[in-house]
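Colleague: If you read the sequences in order, they're chains D and P.
FYI, the numbering for the first sequence is 1 to 699, going by UniProt numbering.
FYI, the numbering for the second sequence is 1 to 116, going by UniProt numbering.
Every residue, glycine too, gets a C-beta built ideally from N, C-alpha and C.
Being a predicted model, the structure only gives us computed values, none of them experimental.
My questions all concern the structure below.
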Amino acid sequence: MFLKSLYLKNFKRFDELKIDFPDDITVVIGPNEKGKSTLVSAIIAGLFYDPKKRNREIEVLRSWQSPDKFYEIKMEFEANGENCVLLKDFERKKIFFENQATGEKSDDFQEITEKFRQIGGYRNAKLFESTSCVRQEQIASVAVEKKELGRALEDLIGGGFGSRGFGEIIQRLEKAVADLNRGRGESGWRIAKNPGLIKSLEDKIGKNAETRLAAEEALKKVQDAWLNFWRLEGDFEKISKDIELSKKELENIRTYTSLRKEMADAKVKLEEISGDLREIEGLRKKISQLDAYLEKLEPYRAVDYNEFLNVLHSIKVREERLEELRERREILRSQGKKTKEFINPLLIYLMLPLTAAGALGFFFSPWFFFAWILEGILLLWFAFSHRTLKRLTDAELQNQIVGLEKELTEIKKQLANKFEAYNVESFEELEEAKQYLAQFEKEKHLLESKIEGILRNQTAETLKAKQHELAGRLLVDEAKIERIQLTREPENRDVIALENRLENSAKEKEKLQKEMIETKAVISQTRVSEDDIFNLEAQMGQLERKLQKAFEKEKVYKLTAEVLSQAKKETEKDSRGVLEKYMREFLAEITDGRYRQISITDDWLLKVFSPEKGEEILPDGQLSQGTIDQFYLVARFAFLKLLFPQARPLIILDDPFQSFDKKRRQKTKKILKELSREFQILLLTHSDDYNDWGTVKKL
Amino acid sequence: MTSWIFRLTKLLKGNAPNLIRTVNIKGFSDPELAVIPDELEEELQDKFFILRINDVSHPKIELIEEKNYPPETVIGRFIRLMKERIGAAATEEEKRIAEEALRIGVAELEGKEVIE
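Written out as structure tokens, the structure is:
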């Protein structure tokens, strides 16, 4: 397949242009900025661009004269002796293909592209540019930059898409893998300052795990502390309730005991009061009896006992006088006398004390002798007055007796009347009544004193009120006791047991409270929450995902390097033979017959057999740069042949031989002439030096 | 200004003549919409003090077609080998790794610096 003609309309600088191409070499000559490169762009656009699309590559090719308009490209090809036409109208966004021999037509871009790929090997613009377009700078990079030929060839089979060599890519992949793993397996002083992503992530994961473990432990501690706190709180509440119950129980017992005691005291008091009241009642009854007696004896109160005594005394005196008189009368009568004389008893009564007093003068004082003087005077007075002797007669005695008897009878009668008035028969009875009165009064007084003693400045009503109050209180206390509801009668040991229990419970409660405070302190000091763990887990998840991605990246890089190496090896194996064949074909021409054997090593080193040295040598150091450039040019053709084994591929040489001298150009011309048997060559140049290289087309 | 440049220019919002900006174009790219960083930098150089555009985008797997890459080239061979690996992957992870390796390899061979 070769390009027969190219028609352009409104394409960059060209309003309209048509060029016909032979199947061998076409030399397009034009000064700089006259459209040589535009021609290359037109061929690329014609072969590869979709007129229905609008992108930078398409847009930059618009007409300079009418920038609002798009362009039209028409290409004619010959493939296997059949004439084909390809028309791309970018203005109308139309494409059309026709095989004029077979009549096959298509307006589908994909279908047409696939057809060109099959018959011409044209795959995409990039590949075409990198393989079919040989620019001056590419030759120059080998020539001027002293780029190794092997490296240039390596780039060529790499696909020629970029400026980066295969080795560089492998190195970068290996470096990326090494960077990822930097610092792994190192420890102590060998720890890398800038660890790789994997090491860094592993460290972070380890640290996160440690932090999370610590946080989990802390959280566990807090949770345990909370559990402990709640248990303590439960115990605290329980023991508080227990204390309350014990206190209540103790209080009940104490109340019960106190009530019992109060009741006992009240009962005793009540008994006392009741006893007192009963006693008072009894006493009052006795007093009433006494009052009744006293009422009866009341008349005896006014009795003048002295009067009675005087009467009785006068009766007795009279009776004694009467008796005396009767005795005297009896004596007188027994003596038979009528009269009787006898010393005056008064004289005797006076003399005897005076005699005794005068006798004291001998012992104490002479003054007592005056008693004898007085006695003497009295004796004298008695004697002179005839009072020394007395005279008693019977009649007188009789008269005196009768008189006395009358008097006595009268007095006794009066006395009897008086006794009758008091309803007694004798003074003894009266006296007895008097004694009873006194006794009863005394008894009454005693009883009243007793009552007073019992009442103790109170009244019986007060006592009764107290009795009533005590009875009421007893009832109330009884009701209180009933409400207390003890299972059994409390004993002192119960109180002691309860008090001990309370004391122990209080200590336990205090201990629990202390433990609760300590536990709360532990909880408040630990500032870890489930959110922290969750965040750490989330971070861990992110880190693990990142680590997984990093490992994946490592695997990706390793796999990329591995497959790239494999691809390179296989490609080299396949291409090396073709390249060697082409190079060998032109080796003698290029080296003026100096070398005839050439081979490419596994390292893409070109080795030639030196007949002088009798061994293979590396040409880079041995061959001139011009020779190497020509090798490169041949290699480019060889590679194209490799890509398009059946077709007649188009190769565009964009003025690549500017730096060649005349001799080398002649060699190159020969080589191109040879190559033009298999390739369609389009040589773009500004120089007229190439006029005889092929069919010339001037711009 | 063309429409796709306009779109990219919008992405570069906040432009200022005294601004130094680096733009990394990431993700999966369509070769049809391929960005040429040097040309774009040149296009937008007046809008920034310094503008650096790095195309580190990966081609979409489905757009990496063997037919566009001759098997005689390393890239063509690489694509075919990788696609074989992808087809033979026993697990999703293997497949994912192989696909990523394919993208990276192609991008690198096409001159992009996508290895981090």
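Determine the direct distance from the alpha carbon of Phe77(D) to that of residue 703(D), and round the result to whole angstroms.
Modeller: For chain D, the structure presents residues 1 to 699; residue 703(D) sits outside this window and is missing.
Colleague: May I ask you to list the residues that DSSP assigns as paired with residue 723(D)?
Modeller: Outside the modelled stretch of chain D, which goes from 1 to 699, sits residue 723(D), for which no answer is possible.
Colleague: Return the CA-CA distance between Ile600(D) and Leu633(D), expressed in angstroms with no decimal places.
Modeller: As a first step, residue 600(D) must be located in the first sequence, where it is residue number 600. As a first step, residue 633(D) must be located in the first sequence, where it is residue number 633. Going from the Cα of Ile600(D) to the Cα of Leu633(D) covers about 16 Å.
Colleague: If you count every other CB in all the chains shown that lies within 10 Å of the CB of Lys285(D), and 16 or more means buried, which is it?
Modeller: Numbered from 1 along the first sequence, position 285 holds the residue referred to as residue 285(D). The residue is exposed, with fewer than 16 neighbouring Cβ atoms inside 10 Å.
Colleague: In the DSSP assignment, the beta strand (DSSP E) including Phe14(D) goes from what residue to what residue?
Modeller: Mapped onto the first sequence, residue 14(D) falls at position 14. Phe14(D) -> beta strand (DSSP E) spans Phe14 to Asp20.
Colleague: Could you please give the first and the last residue of the uninterrupted beta strand (DSSP E) stretch that includes Ser274(D)?
Modeller: For the purposes of this step, residue 274(D) is identified with residue 274 of the first sequence, where counting begins at 1. Here Ser274(D) belongs to no beta strand (DSSP E); instead the alpha helix (DSSP H) covers Leu197 to Arg301.
Colleague: Could you name the residues of the segment 165-182 of chain D whose beta carbon sits closer than 7 Å to any beta carbon of chain P, in the order they occur along the chain?
Modeller: Of all residues in the segment 165-182 of chain D, Phe166, Ile169, Arg172, Leu173 and Ala176 have a Cβ within less than 7 Å of some Cβ in chain P.
Colleague: Can you tell me whether Ser659(D) is helix, strand or coil according to DSSP?
Modeller: The residue labelled residue 659(D) in the question sits at position 659 within the first sequence. The answer is coil: DSSP assigns Ser659(D) none of H, G, I, E or B.
Colleague: Closest to Tyr71(D) by CA distance: which of Ser41(D), Glu405(D) and Trp230(D) is it?
Modeller: As a first step, residue 71(D) must be located in the first sequence, where it is residue number 71. Looking at the Cα atoms, Ser41(D) is the closest of the given residues.
Colleague: Quick check on this structure: which residue in Thr73(P), Ile97(P), Lys47(P) and Ile61(P) has the alpha carbon closest to the alpha carbon of Phe166(D)?
Modeller: Along the first sequence, one-based indexing puts residue 166(D) at 166. Ranking the options by Cα distance to Phe166(D), first place goes to Thr73(P).
Colleague: Please check if any C-beta of chain D sits within less than 8 Å of the C-beta of Phe48(P).
Modeller: Translated into positions along the second sequence, residue 48(P) becomes position 48. No, no contact with chain D.
Colleague: How far does the alpha helix (DSSP H) with Asn417(D) in it extend, from its first residue to its last?
Modeller: On the first sequence, residue 417(D) is found 417 positions in, with the first residue counted as 1. First-last of the alpha helix (DSSP H) with Asn417(D): Asp394 to Ala421.
Colleague: Taking only the alpha-carbon atoms, compute the straight-line gap between Gln375(D) and Leu309(D) and give it to the nearest angstrom.
Modeller: For this step, residue 375(D) is matched to residue 375 along the first sequence. For this step, residue 309(D) is matched to residue 309 along the first sequence. Checking the sequence shown, residue 375(D) turns out to be Glu, not Gln. So the alpha carbons of these two residues sit roughly 38 Å apart.
Colleague: List the whole-angstrom C-beta distance separating Ile44(D) from Ile681(D), where the pair is believed to meet the contact cut-off of C-beta under 8 Å.
Modeller: Here the question's residue 44(D) lines up with position 44 in the first sequence. Here the question's residue 681(D) lines up with position 681 in the first sequence. No, Ile44(D) and Ile681(D) are not in contact; Cβ-Cβ is about 17 Å, not under 8 Å.
Colleague: Quick one, which of Leu173(D), Ser200(D) and Lys175(D) has its alpha-carbon nearest Arg184(D)'s?
Modeller: Within the first sequence, numbered from 1, the residue matching residue 184(D) stands at position 184. Minimum Cα distance to Arg184(D) is reached at Ser200(D).
Colleague: Using a Cβ-Cβ distance cut-off of 8 Å, determine whether Ala101(P) contacts chain D.
Modeller: As a working mapping, residue 101(P) is identified with position 101 in the second sequence. So yes, Ala101(P) belongs to the interface.
Colleague: Whole-angstrom Cβ separation of Ile198(D) and Leu547(D), contact assumed at under 8 Å?
Modeller: In the first sequence, the residue the question calls residue 198(D) occupies position 198. In the first sequence, the residue the question calls residue 547(D) occupies position 547. Rounded, the Cβ-Cβ distance is 7 Å, consistent with contact.
Colleague: Can you grab the Cα-Cα spacing for the pair Ser334(D) / Arg326(D), in whole Å?
Modeller: Stepping through the first sequence from its first residue, residue 334(D) is reached at position 334. Stepping through the first sequence from its first residue, residue 326(D) is reached at position 326. Rounded to the nearest angstrom, the two C-alpha atoms are 12 Å apart.
Colleague: Go through its chain and collect everything with a Cβ distance to Val144(D)'s Cβ below 6 Å, but skip five positions before and after it.
Modeller: Reading the first sequence from its first residue, position 144 is the one you call residue 144(D). Note that Val144(D) scores a pLDDT of 44, beneath 50, so its modelled location is shaky; the value from the coordinates is reported in the next line. So no residue of the chain qualifies.
Colleague: Chain D partners of Leu81(P), CB-CB under 7 Å?
Modeller: Along the second sequence, read from residue 1 onward, the residue named residue 81(P) stands at position 81. Those within 7 Å of Leu81(P) in chain D are Val563, Gln566 and Ala567.
Colleague: Run through the DSSP bridge pairs and tell me what Leu332(D) is partnered with.
Modeller: Indexing the first sequence from 1 puts residue 332(D) at position 332. Leu332(D) pairs with nothing; no bridge assigned.
Colleague: Under the rule that 16 or more other beta-carbon atoms within 10 Å means buried, what is Asn535(D), buried or exposed?
Modeller: Indexing the first sequence from 1 puts residue 535(D) at position 535. Classification for Asn535(D): exposed.
Colleague: Evaluate Gln414(D) with the Cβ neighbour count: other Cβ atoms within 10 Å of its Cβ, from every protein chain shown; 16 or more gives buried, anything less gives exposed.
Modeller: Translated into the one-based positions of the first sequence, residue 414(D) becomes position 414. Answer is exposed; the Cβ neighbour count stays below 16.
Colleague: Using the Cβ count rule (16 or more neighbours within 10 Å means buried), how would you classify Lys146(D)?
Modeller: Along the first sequence, one-based indexing puts residue 146(D) at 146. A caution first: Lys146(D) carries a pLDDT of 44, below 50, which makes its placement in the model unreliable, though a value can still be read off. Lys146(D) is exposed by the Cβ-count criterion.
Colleague: Going by the beta-carbon positions, is the gap between Val134(D) and Arg636(D) smaller than 8 Å?
Modeller: Looking up residue 134(D) in the first sequence gives position 134. Looking up residue 636(D) in the first sequence gives position 636. Yes, they are a contact pair.
Colleague: According to DSSP, Lys75(D) sits in a beta bridge with which residue or residues?
Modeller: Here residue 75(D) corresponds to residue number 75 of the first sequence, with the count starting at 1. It is worth fixing the name first, because residue 75(D) is Met in this sequence and not Lys. Beta-bridge pairing links Met75(D) to Leu6(D) and Leu86(D).
Colleague: Spell out whether any CB of chain P is found under 8 Å from the CB atom of Asn124(D).
Modeller: Locating residue 124(D) in the first sequence gives position 124, where the first residue counts as 1. Output row for Asn124(D): interface = yes.
Colleague: Is residue 701(D) buried or exposed, if buried means 16 or more other CB atoms sit within 10 Å of its CB?
Modeller: There is simply no residue 701(D) to check, as chain D begins at 1 and stops at 699 in what is shown.
Colleague: Please decide whether Tyr557(D) counts as near chain P, where near means a Cβ-Cβ distance under 8 Å.
Modeller: Residue mapping note: residue 557(D) aligns to position 557 of the first sequence, counting from 1. Cβ-Cβ to chain P under 8 Å: yes for Tyr557(D).
Colleague: Which stretch, first to last residue, makes up the beta strand (DSSP E) that contains Gln680(D)?
Modeller: Indexing the first sequence from 1 puts residue 680(D) at position 680. Looking at the DSSP string, the run of the beta strand (DSSP E) that includes Gln680(D) is Gln680 to Thr685.
Colleague: If we ignore side chains and look at the alpha-carbon of each, how far apart do Leu127(D) and Ile75(P) end up?
Modeller: Numbered from 1 along the first sequence, position 127 holds the residue referred to as residue 127(D). Numbered from 1 along the second sequence, position 75 holds the residue referred to as residue 75(P). Their Cα atoms are separated by approximately 11 Å.
Colleague: When the Cα of Glu307(D) is compared with those of Asp655(D), Lys511(D), Leu502(D) and Leu430(D), which residue comes out closest?
Modeller: By 1-based counting over the first sequence, the position of residue 307(D) is 307. The candidate whose alpha carbon is nearest that of Glu307(D) is Leu430(D).
Colleague: Which residues, in chain order, does the segment 109-121 of chain D contribute to contact with chain P at a C-beta distance below 9 Å?
Modeller: Hits within the stretch, in order: Glu114, Arg117 and Gly121.
Colleague: Mind checking which residues open and close the beta strand (DSSP E) that includes Glu104(D)?
Modeller: For the purposes of this step, residue 104(D) is taken as residue 104 along the first sequence, with counting starting at 1. Glu104(D) -> beta strand (DSSP E) spans Glu104 to Ser106.
Colleague: With DSSP collapsed to three states, give me the class of Lys93(D).
Modeller: If you number the first sequence from 1, residue 93(D) lands on position 93. Looking at Lys93(D) - three-state DSSP - the assignment turns out to be coil, as it is neither helix nor strand.
Colleague: Would Asn10(D) and His686(D) be called neighbours here (beta carbons separated by less than 8 Å)?
Modeller: Counting from one through the first sequence, the residue named residue 10(D) turns up at place 10. Counting from one through the first sequence, the residue named residue 686(D) turns up at place 686. Not in contact: Asn10(D) and His686(D) (Cβ atoms no closer than 8 Å).
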